[in-house]
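Okay, structure first, notes after.
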Amino acid sequence: MDFIKKKHQIEIQKSKAQGTGAEKLDLTAWFSKGFGLLMLIAVFLNFFKGNSSGLNINIINMLLFAFSLILYPNLHSFSQAISSSIASSSGIMIQFPLYAGIMGVMKYSGLTMVFTNFFIQISNQDTFPLFAMLSAGIVNFFVPSGGGQWAVQGPVLVEAAQQLHVSIPKTIMALAYGDELTNMLQPFWALPLLGISKLKAKEILPYSSIILLIGLLIYGMALYFY
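Following numbering that gives the first Met the number 0, the numbering of the sequence shown begins with 0 at its first residue and continues without gaps.
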C-alpha cells in the first residue's frame with residue numbers, strides 16, 4: 000500500500016510539473032476539498048434557515064457529491080474514479096448539477112437582468128437585435144439550457160422589444176442565435192458525444208470556435224440589415 004501511495008504521489012508531482020494551470024488546479028487537494036466543504040455548508044444553512052422541506056433526492060445527491068470531493072485526494076482522482084465507473088455518462092452526471100446551480104445563481108441573484116438591461120440601455124431600434132444576441136451569448140455561458148435561458152431572459156427582451164417597437168419574432172431569433180453561437184465555446188451540449196467518443200472539450204474547441212466566428216458574422220449581418 001505504501002508503494003502504491005508513493006507511486007501515486009510521484010505521478011501527481013510529474014503531472015503538476017508538466018500540466019497547465021487548470022490541470023495543476025485539478026491536482027491540488029485544497030481546491031476539491033474546499034469546494035466540497037462549501038457544498039456542505041450550503042446544505043446545513045439551508046436546513047437551519049428553514050428553507051428545506053426535508054431530506055429529498057436533491058439534498059442526498061448534493062451530500063454525496065460533497066463527501067466525494069472531500070474524501071478523494073483531489074479533483075483528478077475523483078474524475079478518474081467517476082470515469083472508470085460510469086465512463087459514458089460521467090460528464091453529464093457531474094457537470095449538469097453544476098450548470099443547474101449556476102443557472103439558479105444567475106436567475107435568483109438578478110445577474111441575468113443586469114446583463115440584459117445593460118445592453119437594452121445602450122441600444123436603439125436598429126441595434127437592439129444585435130445587442131440582444133450578444134447578451135444572450137453572454138448569459139448562455141452561465142445558463143446553458145435553452146429553456147432555462149428563455150425563462151430567465153426571454154420576457155425581459157420581449158418587453159424591451161415592445162418598448163423600442165422592434166419585431167418580436169426577430170428578437171426571439173436574436174436570443175436563439177446568441178444561445179447557439181456561444182454553445183460552441185462551452186461543452187454542455189457536447190457532453191454525451193464527448194463521453195462516447197472519449198474526447199475532451201479542449202480537443203473540439205478549435206473547430207467549434209471557427210464555427211462561432213462564421214456564425215457571428217452571418218447572424219450579425221442578418222439581424223442588422225434584414
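For each residue, glycine too, the CB sits at the ideal point set by N, CA and C.
Among residues of its own chain, excluding the 5 on either side of residue i, which ones have a beta-carbon nearer than 7 Å to its beta-carbon?
{"i": "M61", "result": "M38 and V42"}
{"i": "N57", "result": "none"}
{"i": "F114", "result": "S134, I137 and V138"}
{"i": "Q185", "result": "F140 and P143"}
{"i": "I69", "result": "K32, G35 and L36"}
Compute the Euclidean distance between the alpha carbons of residue i and residue j, then round it to the nearest angstrom.
{"i": "T27", "j": "N73", "result": "6 Å"}
{"i": "F224", "j": "Y176", "result": "15 Å"}
{"i": "S196", "j": "A160", "result": "42 Å"}
{"i": "S67", "j": "V165", "result": "50 Å"}
{"i": "E22", "j": "D125", "result": "44 Å"}
{"i": "Q94", "j": "L198", "result": "16 Å"}
{"i": "S162", "j": "M112", "result": "First, the amino acid is wrong: residue 162 is Gln here, not Ser. Their backbone Cα atoms lie some 16 Å apart in a straight line."}
{"i": "S108", "j": "N123", "result": "27 Å"}
{"i": "I171", "j": "V157", "result": "8 Å"}
{"i": "I209", "j": "M220", "result": "17 Å"}
{"i": "I81", "j": "S207", "result": "27 Å"}
{"i": "Q227", "j": "M92", "result": "The structure shown does not extend to residue 227, since the chain spans only 0 to 225, so no value can be given for it."}
{"i": "L54", "j": "N45", "result": "11 Å"}
{"i": "L204", "j": "G214", "result": "15 Å"}
{"i": "A86", "j": "V104", "result": "29 Å"}
{"i": "K5", "j": "L110", "result": "Note that K5 scores 47 on pLDDT, short of 50, meaning its location in the model is unreliable; the coordinates nonetheless yield the value given after this. Distance between the alpha carbons of K5 and L110: 46 Å."}
{"i": "M272", "j": "Y71", "result": "Shown here, the chain extends from 0 to 225; a query on residue 272 therefore has no answer."}
{"i": "G168", "j": "I59", "result": "Correcting the residue identity first, residue 168 is Pro in this sequence and not Gly. P168 and I59: Cα-Cα distance of roughly 42 Å."}
Helix, strand or coil: how does DSSP classify residue i here?
{"i": "I9", "result": "With a pLDDT of only 45 at I9, under 50, the local geometry of the prediction cannot be trusted, and no value is derived from it."}
{"i": "S208", "result": "helix"}
{"i": "P143", "result": "coil"}
{"i": "D178", "result": "helix"}
{"i": "D25", "result": "helix"}
{"i": "V165", "result": "coil"}
{"i": "A65", "result": "helix"}
{"i": "P191", "result": "helix"}
{"i": "Y225", "result": "coil"}
{"i": "Y98", "result": "helix"}
{"i": "N60", "result": "helix"}
{"i": "P128", "result": "helix"}
{"i": "Q185", "result": "coil"}
For residue i, I'd like the list of residues in its chain whose CB is within less than 6 Å of its CB, leaving aside the five on either flank, ordered along the chain.
{"i": "A65", "result": "G35, M38 and L39"}
{"i": "H75", "result": "D25 and L26"}
{"i": "G147", "result": "M102"}
{"i": "A173", "result": "P128, A131, M132 and L222"}
{"i": "G145", "result": "D178"}
Should residue i be labelled buried (16 or more other beta-carbon atoms within 10 Å of its own) or exposed?
{"i": "I119", "result": "buried"}
{"i": "F47", "result": "exposed"}
{"i": "S83", "result": "exposed"}
{"i": "L180", "result": "buried"}
{"i": "I3", "result": "Confidence at I3 is low in this model, with a pLDDT of 41, below 50, so its placement is unreliable and no value can be given for it."}
Just to confirm my understanding: we take residue i, look at its own chain, exclude 5 residues before and 5 after, and list those with CB closer than 8 Å. What are they?
{"i": "I217", "result": "none"}
{"i": "S89", "result": "S78, I81, S82 and G194"}
### Query
Are three or more beta carbon pairs between the region 151 to 171 and the region 183 to 202 nearer than 8 Å?
no
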